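The listed protein sequences derive, respectively, from chains R and L. Position in the first sequence (from 1) plus 131 gives the number in this note's numbering. Position in the second sequence (from 1) plus 793 gives the number in this note's numbering. Beta carbons are placed, not taken as given, at the ideal position from N, Cα and C, and that holds for glycine. Values in this document were obtained by computation on a predicted structure and should not be read as measured data.
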Amino acid sequence: MFNERQLQTLHAAIDRIIPEDDFPGGVEAGVADYLLKQLGRDLTHLAQDYPRFTDALEAEAQAAHCQAFAALEDGQQDALLTRVELGEVEADWPLDPAAFFADFVEHCAEGFYSDPGNGGNRDGVSWRMIGYEVNG
Amino acid sequence: MTHYDAIIVGAGAGGGVAAGVLAGAGKRILMLERGPRSEFAQVPRDHLRSQRGSFYGHNAGPDIEGNPRTLEDGSIVLPHQRGYQNNAAMVGGGTRVFGAQAWRFMPQDFRMASIYGVPEGSSLADWPIDYEELEPWYERVEWEIGVSGTDSAMTHLPPYKRPYPMPSLQPNTAMRTHMKGLEKLGWQSLPMPQFINSVDYNGRQACIRCQQCVGFACPVEAKNGTHNTTIAAALRSGNCKLKSGVMVERIDCDDGGRVRGVNWIDNAGERDSATAEIVIVSAGAVESARLLFNSATKREPNGLGNHSDQVGRHLQGHYYPLAVGLFPERMMDNLGPGGGVATCQFNHDNPDVIGGGMLADDFIVLPIISWKIYVPRDIKRWGLSAKQFMRDRYRCLGDIKGPVHEIPSPEGRVTLDPKVRDKFGIPVAHLSGTTHPETVRTASFIYDRAEEWLRASGAEKVWGYRPDLRLSGGQHQAGTCRMGEDPAESVVDPWQRVHGHDNLFVLDGSVHVTNGGFNPVLTIMATSWRAAEHIVEQW
Ligand SMILES: Cc1cc2nc3c(=O)[nH]c(=O)nc-3n(C[C@H](O)[C@H](O)[C@H](O)COP(=O)(O)OP(=O)(O)OC[C@H]3O[C@@H](n4cnc5c(N)ncnc54)[C@H](O)[C@@H]3O)c2cc1C
Ligand code: SF4
Chain R
132 MFNERQLQTL
142 HAAIDRIIPE
152 DDFPGGVEAG
162 VADYLLKQLG
172 RDLTHLAQDY
182 PRFTDALEAE
192 AQAAHCQAFA
202 ALEDGQQDAL
212 LTRVELGEVE
222 ADWPLDPAAF
232 FADFVEHCAE
242 GFYSDPGNGG
252 NRDGVSWRMI
262 GYEVNG
Chain L
794 MTHYDAIIVG
804 AGAGGGVAAG
814 VLAGAGKRIL
824 MLERGPRSEF
834 AQVPRDHLRS
844 QRGSFYGHNA
854 GPDIEGNPRT
864 LEDGSIVLPH
874 QRGYQNNAAM
884 VGGGTRVFGA
894 QAWRFMPQDF
904 RMASIYGVPE
914 GSSLADWPID
924 YEELEPWYER
934 VEWEIGVSGT
944 DSAMTHLPPY
954 KRPYPMPSLQ
964 PNTAMRTHMK
974 GLEKLGWQSL
984 PMPQFINSVD
994 YNGRQACIRC
1004 QQCVGFACPV
1014 EAKNGTHNTT
1024 IAAALRSGNC
1034 KLKSGVMVER
1044 IDCDDGGRVR
1054 GVNWIDNAGE
1064 RDSATAEIVI
1074 VSAGAVESAR
1084 LLFNSATKRE
1094 PNGLGNHSDQ
1104 VGRHLQGHYY
1114 PLAVGLFPER
1124 MMDNLGPGGG
1134 VATCQFNHDN
1144 PDVIGGGMLA
1154 DDFIVLPIIS
1164 WKIYVPRDIK
1174 RWGLSAKQFM
1184 RDRYRCLGDI
1194 KGPVHEIPSP
1204 EGRVTLDPKV
1214 RDKFGIPVAH
1224 LSGTTHPETV
1234 RTASFIYDRA
1244 EEWLRASGAE
1254 KVWGYRPDLR
1264 LSGGQHQAGT
1274 CRMGEDPAES
1284 VVDPWQRVHG
1294 HDNLFVLDGS
1304 VHVTNGGFNP
1314 VLTIMATSWR
1324 AAEHIVEQW
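In structure tokens, the structure reads:
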């Protein structure tokens, strides 16, 4: 579904949606795994759009910085994503940047905060972070 | 073909109680349930697909595929989608995964029209029975199914004749904070009565205070539904045959109005049928109406019991205003089920609105539900600040919400879709209309009280959801086969026998005339118990 470059962009973007701090960032916590699983399950209708989204992020990075999105500094990535969030893009987007970005953010949160059975939230790391315990 | 004393359609709250009573009285019964009979492990604790957070599906049925309904705008909705008005489909019905709140309605709830008058365009009406009539059955259910609570705190009701069989669970941190808020406001404060074992009861253990109660099955069966009480007893008696995974397609009725039996289809598509002395419809408010429509005869071409065009009308549930507060200190201490302190200060006697509703704090909110619904709308939803908001403040969120007594409208209704069919080829339910707009005013009033309570409890910031006008039903669905003396204005008589049919009964939420300002299941069980005992007495 994603080629190598698209996957790099996706991972870089996920790690800005849920950045690493004292707790793992999104990719390490399994958000990409969640997303890939969902693209074959409930989000099959986005299986074409997600690679397009990463291509568009890439094009945006090239237009603004002549560099790959994944190679940008954190701050540059954040600034670029903020423009996408606001729909203020420079490159040609095959999909509505603001709307797709909002969905992307939700999907990342689902991967991070839902139960590990869904493929993300590795070993319940986000639950440990926020203090949600499960017994029984 | 086997002949039974009684066939019960639907193994939920009402049907489950009916099974227990009839089998206990020695009647040979057949119970038919379209959903599965699931063990704990077969009801997934999936935070994206549960009866609590149905983002991509749910965990207690019906199947997403093959069970559509249709809406007024012509759209087809799936069971987990908004507008479907789903409850659950498995042995135990909604009680398999419910939140276990065990509320009695108030005496006033049975006399809404007399107290408030009938707003134009609404079908607000009094019940043909009153609180006094139902009280012994409330008590019976509280003891037989098992409810924990504190009767002396239920000051909004006439004094209990018998206390609850189990004490209330010990309060958690959020409850203690909210109790202080109520004290400050001078509002009534009570521990919510719950179908939860606070101590070992009826051969099952006490609640272990887990964090995944509402919307899920209980890991230790300390949550008392019909599946582990009345249905279990019916099966033990040897008098009840339970068939799960079968969809009843049609009730057979002769030209004289006498019901002969039912036809069903199993998951493999095989058709079968059985006959019985009586048939009890307990399929839940939407599906019971649908089944009556689908059982039309020459004599009743618009559906059994539908000679007065009442079947399917007055569909009600609860508007559920929700206010969320951000607290300076931690509210969430992981001591489940959460949701335990309530006030009935505003169920009645409110200035300028009809009725009201109970307010209570909430069950432990799953992290992803907190993220999607409870975090403040104005925080940035990505980046470090979003992550750190959840890290630092997830446990500081608290909320107050409650079921508002709806003002029914005859236009809020279930009919049959003329074209769309389910996977078995049976015409599906079509949902149209809305609740009466007066409900919105009451809900808005109740929402303001929820905010007030949160502030008094110490919330530094409060926001929430004020309900809009819409059709209601969902997990609290009721009203589609009204109980009444007059066949022109109701579907069943006060003993829940379908007008014009000696041996056809409806025992579920459908018979509620109005749905109270409370979660409805204790009342569904109490009316069903009463009606089932009456059936046995009259046999
Ligand atoms: C997550 C959740 C939380 C809840 N929390 C509470 C709470 O805290 N307190 C409270 O009071 N209420 C609560 N409820 C609501 C409560 O469960 C319902 O009010 C109650 O179950 C309704 O009872 P009923 O008998 O009308 O129908 P149900 O319990 O829905 O039973 C109907 C049964 O009939 C079956 N059926 C339908 N059609 C057919 C057919 N044609 N053939 C065969 N079988 C059929 C269905 O599959 C279902 O199992 C909750 C519900 C849910 C889902
Ligand atoms: S809180 Fe957990 S253990 Fe207690 S009744 Fe609910 S599901 Fe069962």
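Contacts of residue i in chain R (Cβ-Cβ under 8 Å)
i	result
Asn1017(L)	Near Asn1017(L) there are no residues of chain R at all, since even the closest Cβ is about 16 Å away, more than 8 Å.
Val1013(L)	Gly267
Pro1160(L)	Tyr244, Ser245, Ser257, Trp258, Ile261 and Tyr263
Cys1003(L)	Val265, Asn266 and Gly267
His873(L)	By Cβ distance, chain R contributes nothing, its closest Cβ being about 10 Å from His873(L), past 8 Å.
Trp1057(L)	Simply none; closest approach about 31 Å.
Met1183(L)	Tyr244, Ser257, Met260 and Ile261
Contact test: residue i Cβ vs ligand 3 heavy atom, cutoff 7 Å
i	result
Gly887(L)	Ligands in the displayed structure: ligand 1 and ligand 2; ligand 3 is not one of them.
Pairwise C-alpha distance: residue j and residue i
i	j	result
Val158(R)	Gln137(R)	14 Å
Cys197(R)	His840(L)	41 Å
Cys1189(L)	Ala811(L)	43 Å
Met132(R)	His1305(L)	52 Å
Lys845(L)	Phe1009(L)	Sequence inspection shows Arg at residue 845(L); the Lys mentioned does not correspond to that position. Each residue's alpha carbon lies about 8 Å from the other.
Tyr849(L)	Asp173(R)	7 Å
Ile1044(L)	Lys954(L)	40 Å
Asp180(R)	Gly876(L)	28 Å
Trp224(R)	Thr213(R)	15 Å
Glu1063(L)	Lys1036(L)	13 Å
Asp1048(L)	Val870(L)	36 Å
Val1007(L)	Ala893(L)	8 Å
Gly1191(L)	Thr1068(L)	52 Å
Asn995(L)	Gly1149(L)	35 Å
Tyr924(L)	His1100(L)	29 Å
Ala199(R)	Gln207(R)	11 Å
Min CB distance residue i to chain C below 8 Å
i	result
Arg253(R)	The structure shown contains no chain C; its protein chains are R and L.
Pick from the options that is closest to residue i, judged by C-alpha positions
i	options	result
Asn951(L)	Gln901(L), Gln998(L), Trp936(L) and Gly974(L)	Checking the sequence shown, residue 951(L) turns out to be Pro, not Asn. Comparing Cα positions, the closest option is Gln901(L).
Gly1272(L)	His1141(L), Ile1200(L) and Asp1279(L)	Ile1200(L)
Arg1174(L)	Arg147(R), Asn249(R) and Gly248(R)	Arg147(R)
Gln1289(L)	Tyr1258(L), Ile1073(L), Pro984(L) and Arg1092(L)	Ile1073(L)
Ala1082(L)	Pro855(L), Ser1283(L) and Ala811(L)	Ser1283(L)
Glu928(L)	Pro956(L), Ala1015(L), Gly809(L) and Met905(L)	Pro956(L)
Ser1250(L)	Lys1034(L), Asp1185(L), Arg1123(L) and Lys1212(L)	Arg1123(L)
Gly1226(L)	His1294(L), Val836(L), Lys1254(L) and Arg1263(L)	Arg1263(L)
Pro1196(L)	Gly854(L), Val1291(L), Ser1163(L) and Asp1155(L)	Asp1155(L)
Val265(R)	Arg889(L), Ala1236(L), Asp1126(L) and Arg933(L)	Asp1126(L)
Lys1194(L)	Gln1270(L), Glu935(L) and Phe1238(L)	Phe1238(L)
Gln981(L)	Thr966(L), Ser945(L), Gly1038(L) and Asn995(L)	Ser945(L)
Cys1033(L)	His1107(L), Thr1023(L), Val1039(L) and Met1040(L)	Thr1023(L)
Met1318(L)	Phe833(L), Ala895(L), Val1291(L) and Gln835(L)	Ala895(L)
Gly828(L)	Asn852(L), Ala1179(L) and Gly1205(L)	Asn852(L)
Beta-carbon neighbours of residue i, restricted to chain L and to distances below 8 Å
i	result
Pro150(R)	Gly1176, Leu1177 and Lys1180
Arg147(R)	Trp1175 and Gly1176
Glu241(R)	Leu841, Phe848 and Ile1161
Asp209(R)	Gly1176
Beta-carbon neighbours of residue i, restricted to chain R and to distances below 7 Å
i	result
Tyr849(L)	Asp173
Tyr877(L)	None at all; the shortest Cβ gap to chain R is about 17 Å.
Phe1164(L)	Going by the sequence as given, residue 1164(L) is Trp instead of Phe. The contacting residues are Ala240 and Tyr244.
Per-residue contacts from residue i into chain R (C-beta, under 9 Å)
i	result
Asn1127(L)	Gly262, Tyr263, Glu264, Val265 and Asn266
Arg1188(L)	Ile261, Gly262 and Tyr263
Met1124(L)	Chain R residues near Met1124(L): none, gap ~11 Å exceeds 9 Å.
Residues that residue i contacts on chain L, provided the C-beta gap is smaller than 7 Å
i	result
Val236(R)	Arg1174 and Trp1175
Gly248(R)	Asp839
The stretch 1244 to 1254 of chain L in contact with the stretch 1108 to 1121 of chain L per 3-pair CB rule at 8 Å = yes
task = Take every Cβ of the stretch 1133 to 1141 of chain L, pair it with every Cβ of the stretch 812 to 825 of chain L, and state whether three or more of those distances are shorter than 8 Å.
result = no
query = Mind pulling the beta strand (DSSP E) runs of 3 or more residues that sit fully within the stretch 1042 to 1078 of chain L?
reply = 1052 to 1059 and 1064 to 1074
ask   = Are three or more beta carbon pairs between the stretch 999 to 1009 of chain L and the stretch 862 to 875 of chain L nearer than 8 Å?
value = Output reads no: the stretch 862 to 875 of chain L does not touch the stretch 999 to 1009 of chain L.
ask   = Whole alpha helix (DSSP H) runs in the stretch 1170 to 1206 of chain L with 4 or more residues, listed along the chain?
value = Runs found: 1177 to 1186.
inquiry  = Runs of 4 residues minimum, wholly inside the stretch 840 to 913 of chain L: which ones carry the alpha helix (DSSP H) assignment?
reply    = Runs found: 905 to 909.
query = Below 8 Å, can you find three or more Cβ-Cβ pairs linking the stretch 229 to 248 of chain R to the stretch 166 to 184 of chain R?
reply = Taking 8 Å as the limit for Cβ pairs, the verdict is that the stretch 166 to 184 of chain R does touch the stretch 229 to 248 of chain R.
query = When the Cβ atoms of the stretch 799 to 809 of chain L are set against those of the stretch 881 to 890 of chain L, are three or more pairs found closer than 8 Å?
reply = The stretch 799 to 809 of chain L vs the stretch 881 to 890 of chain L: in contact.
key: At least 3 beta-carbon pairs within less than 8 Å: the stretch 1077 to 1095 of chain L vs the stretch 1216 to 1226 of chain L   = The stretch 1077 to 1095 of chain L, when compared against the stretch 1216 to 1226 of chain L, does touch it at the 8 Å Cβ threshold.
key: Inter-stretch contact (C-beta, 8 Å, three-pair minimum) for the stretch 1155 to 1165 of chain L and the stretch 1102 to 1112 of chain L   = With the cut-off at 8 Å, the stretch 1155 to 1165 of chain L and the stretch 1102 to 1112 of chain L do not touch.
task = Please determine if the stretch 928 to 944 of chain L and the stretch 1310 to 1327 of chain L are in contact, where contact requires at least 3 C-beta pairs separated by less than 8 Å.
result = yes
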